[in-house]
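Colleague: This structure is in structure tokens; I'll ask about it shortly.
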Amino acid sequence: MATLVFSAVGTALGGPVGGAIGTLFGRQFDTAILGSPHREGVRLKELEVTTSSYGQPIPRHFGRMRVAGQMIWATELTESTDTLGGGKGSAAITTYSYSASFAVALASRPILDIGRIWADGRLLRGTDGQLKSGGLLRVHKGHADQPCDPLMLAAEGADRCPAHRDLAYVVFEDLDLSDFYNRIPALTFEVFADEGFDLSDVVGDLVPDADAAVPLAGFHGLTCDGPLTGLLQTIDQVIPLDIDAGGERLVIAPQRRQSQPIALPEAAISAEDGDFGIRSGFYRQRAAPEERPVSILRYFDSDRDYLPGLQHASGRASPGSPRAIELPAALGADTARSLIERTRRRIDWSRERLSWRMSALDPAVTPGAIVRFPGIPGEWRVLEWEWRDTGVEISAERMAPASADAPAPAGADPGRINAPRDLPPPPTTLAAFELPHDPAHVFAAVSSPGAHWSGAALLADRGDGELHPLGPSGRRRAVMGRTTTGLASMSPLLFDRVSSLDVMLVDPAMQLSSGTIRELAEGVNLALVGEEIVQFARATALGGGAWRLEGFLRGRGGTAAAARSHRPGESFVLLDGAAVPLDSAALGSAGTRKVAALGRGDGDPVLAPIFLNGISLRPPAPVHPRAAFLADGTLKLQWTRRARGERVWQDGIDVPLVEQSESYLLTYGPPDRPVATWTLPSPLILLPAAEQAQLSALSPGEVFRVRQQGTHALSDALRLFQLP
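UniProt numbering numbers the first residue of the sequence shown as 1 and each following residue consecutively.
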């Protein structure tokens, strides 16, 4: 507060310079009144990420912890290119992706395995052990006989590549960096170092003959990245220890508390000036409460993905900022709360000190022993003793009663965490189709039930069963699904206001929208149902990914011949631009060609036949049939052609001629066995009355049909006129 006040006053009086001076003075004033934050123990590295720094120690980990590690080896980024589409004059889309290979050291002692991996806060590896991005992962557990990593050995050579024995590390090979802006992300790893551990495991690595069998109840993990003494001092604050280095071996044990305290004799009186308790033989005092008591424990919360947690001890707030103990251990919130509560109570009770003089030495009264003093309540722990000519002087501190060491009430709040969802890679859904474009194009509609789907590799089956790469699908999911009801046949010349079609989308989160008549005329809400392209005007959500479509325009895009009834279970794809264009040359031209997709959630490639195969090479059927009899009885038949790839019919002009030449095949009679045929260069024919009579005599009541002859195929037939 003082910082803000002095900064405002300084700015008003002296401008920016005065504001800076006021800020500095205010900060010093705040520090003098409130104090600066004070932490005890090893500093928790809550923002630590994977780095590469020479001379940095590699920590030792026990139990299970989340660690960052040090990068010890890396290659240059590898660039890869994938091209989609192209061929026959169409545009090709080239995408660039980058990958990297590198090694990260995790622990300077052997580990059992690693679990989850976080990259930029997101899960790169889940509990299933599979990477969620492309690449390979190898774990070297740090044993004394581990071999060199094969990738590092191939890159560096046998004479330069160390095996990094007694060092646990991981190697990423060709990790796809597309999800991380083409850079190596900030990585943290869940390390499983031991199934269980106590203090002897921590001390024994450095002092092999030490006796340190101290249970660490509630500790899920522990990290030691500095001197052992610093870690022991931190642990001693929350779990009091008795350390004895006077014998042949180091002994570390839990702070003892005998069931029967030692009863001391009456105090001895000293007559020397300057001694305490000249009349009573003892001196008792209680120190004032600390201005900044220890009341905060910071730790790694095992219930919050090992993120730093904080627990406060209950009690009256102090005027200054409290001190915090930083414990580099993975704990639950209840354990952490219990530890800091007990620590706070021990510190509060230990403010009471007692100096006592005895006339004789008792060998059992040593530092750490629990004693009782005559006429003084409570139990006391001996801190030190001194043998003087006036007697044996003992210094002791008051111990908290057993009730004060009771566990803290359960239900400590660990805080909220928005943890990344660990979802398995979802399967891929695929539909392939050709659209009446010019030039010819095959498209792949690729989707998945999961929004976290990362795309799939597209492959071509040219009809021989072999798969050839086509490139990646990208991450955009197509809106697609299956029909759950049938759709009756309807003329493509009418707006169908009666029929409805229910579809089930692959993901309930996907949406469909309605469209006005004007929007339908502009091409919205195009969908492929089976092998018919339709447009729908109304889309009603039924819940759970089910939708009801109504108001249809049928047989769009040259699929009028397919405007027949549809059965449940047919493919539904919304043609909204999400489909991926494929290289037609890579697909081949066989009638049995297929498209395959393989994503991370697919055990085997997903195969799909190509719907509307060849439609882009086949002219659409002519339209607008017209028949008229002239004055002399001549029959005049006319029609209007259409063109491949032309979906918009502008007023006043004809569509361009896409084929090499304009040609039509006119037939009279059954389509498969016509009575007569004509090849015409224009959409017009005049049949004299005599020729009509001759045709009627050969096969009365038959129908004239016309088909446009394209460069590659014939169009569907248009019914023109039926002779009487």
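Glycine residues also receive a C-beta, built at the ideal position from the N, C-alpha and C atoms.
In this text the structure is predicted, and so the values were computed from the model without any measurement.
(1) Using only alpha-carbon positions, find the residue among S295, A317, S321 that is nearest to L310.
(2) Starting from K132, follow its DSSP beta bridges and name the residues at the other end.
(3) Give the list of continuous beta strand (DSSP E) stretches no shorter than 3 residues that lie fully inside the stretch 223 to 269.
(4) Nearest-angstrom Cα distance between G415 and A336?
(5) Given a cut-off of 8 Å on the beta-carbon distance, is the pair D225 and P59 in contact?
(6) Where in the stretch 403 to 466 do unbroken runs of the beta strand (DSSP E), each at least 3 residues long, occur, reported from the N-terminal end onward?
(7) Under a Cβ-count criterion, where at least 16 other Cβ atoms within 10 Å of its own Cβ denotes burial, should T592 be classed as buried or exposed?
(8) Please classify F629: is it buried, with 16 or more other beta-carbons within 10 angstroms of its beta-carbon, or exposed?
(9) Taking A539 as the reference, give the member of L151, S513, D672, V675 with the closest Cα.
(10) Quick check on P59: does DSSP put it in helix, strand or coil?
(11) Under a three-way DSSP split, which group does I184 fall into?
(12) Since A579 contacts A440 with CB under 8 Å, what's their CB separation in whole angstroms?
(13) Flag this pair as touching only if the stretch 568 to 579 and the stretch 482 to 492 have three or more C-beta atom pairs under 8 Å; answer yes or no.
(14) Can D461 and L607 be called in contact, C-beta distance under 8 Å?
(15) Are the beta-carbon atoms of A103 and F180 separated by less than 8 Å?
(16) Distance check for V623 and V498, CA to CA, integer angstroms please.
(17) Is it right to say A245 is buried, meaning 16 or more other beta carbons lie within 10 angstroms of its own, or is it exposed?
(18) Compute the distance between the beta-carbons of G332 and S302, then report whether it is under 8 Å.
(19) Pairs of beta-carbons, one from the stretch 692 to 700 and one from the stretch 708 to 719, closer than 8 Å: are there three or more?
(20) Using only alpha-carbon positions, find the residue among L687, R183, S489, D242 that is nearest to Q255.
(21) Bridge partners for G599 per DSSP, in chain order?
(22) Among S350, D389, L361, whose alpha-carbon lies nearest the alpha-carbon of R381?
(23) To the nearest angstrom, how far is it from the Cα of A676 to the Cα of L665?
(24) Does the Cβ-Cβ distance between L175 and S99 come in under 8 Å?
(25) By Cβ distance below 8 Å, which residues in the same chain neighbour G35 in space, the five residues on each side in sequence not counted?
(26) Residues bridged to H468 by DSSP?
(27) Tell me D82's beta-bridge partners as DSSP assigns them.
(28) Grab me the residues of G633's own chain with a C-beta within less than 7 Å of its C-beta, minus the 5 sequence neighbours each way, in chain order.
(29) Alpha carbon to alpha carbon, how far is S80 from residue 726? Give it in angstroms, no decimals.
(30) Give every residue of the same chain whose Cβ lies closer than 6 Å to the Cβ of L687, excluding the five residues on either side of it in the sequence, and list them in chain order.
Modeller: According to the structure data:
(1) S295
(2) Answer by DSSP bridge pairing: none, since K132 is not bridged.
(3) 241 to 244, 251 to 254
(4) 13 Å
(5) yes
(6) 429 to 435, 441 to 447, 456 to 461
(7) exposed
(8) exposed
(9) S513
(10) coil
(11) coil
(12) That belief does not hold up - the Cβ atoms of A579 and A440 are roughly 15 Å apart, past 8 Å.
(13) yes
(14) yes
(15) no
(16) 25 Å
(17) exposed
(18) yes
(19) no
(20) D242
(21) A456
(22) S350
(23) 10 Å
(24) yes
(25) The predicted position of G35 is uncertain, since its pLDDT is 48 and thus under 50; a value taken from the coordinates is nonetheless stated next. Excluding residues within five positions, the ones whose Cβ falls inside 8 Å are E291, R292, G320, S321.
(26) A460
(27) T95
(28) A689
(29) Absent from the model: residue 726. The displayed extent of the chain is 1 to 724, so no value can be given.
(30) L635
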